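In the working numbering, the protein residues as written are 7 to 100.
Structure first, commentary second.
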């Protein structure tokens, strides 16, 4: 996450926001903010997926299909990964 404090630069706050660890091992294509639970706070959705369809042939432990990620805005610049409770997390055999 790179918010702009209005001083001509951006701040890197991914660690502080809590989104670094859950997104570290998945290729992400994009994201967007929206209020998925109508609590007045903008939550974060990240679309994930590998760019190389044959990746499993080269690296069997890496999969082409990746689960999308949803982060609930906890306020104060903090987000909590909530993909599983919302049904966005795939079953273990995905």
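Beta carbons: idealized from backbone N, C-alpha and C, even for Gly.
Because the structure is a prediction, the values reported are computed rather than measured.
Relative to the alpha-carbon of residue 117, which residue among 86, 84, 82, 73 has its alpha-carbon at the smallest distance?
Residue numbering for the chain in the displayed model covers 7 to 100; residue 117 lies beyond these limits and cannot be assessed.
Report the partner residues of residue 76 according to the DSSP bridge assignment.
51
If we ignore side chains and look at the alpha-carbon of each, how far apart do residue 81 and residue 47 end up?
7 Å
Restricting to Cα atoms, I'd like to know which of 66, 49, 42, 75 is closest to residue 35.
75
Please check if any C-beta of chain D sits within less than 9 Å of the C-beta of residue 56.
The question asks about chain D, but that chain is absent: this structure has only one protein chain.
Could you give the distance in angstroms between the alpha-carbon of residue 86 and the alpha-carbon of residue 79?
The straight-line gap from Cα to Cα measures roughly 7 Å.
Around the C-beta of residue 89, are 16 or more other C-beta atoms found within 10 angstroms, so that it is buried, or is it exposed?
buried
Tell me which residue opens and which closes the beta strand (DSSP E) that residue 87 is part of.
84-87
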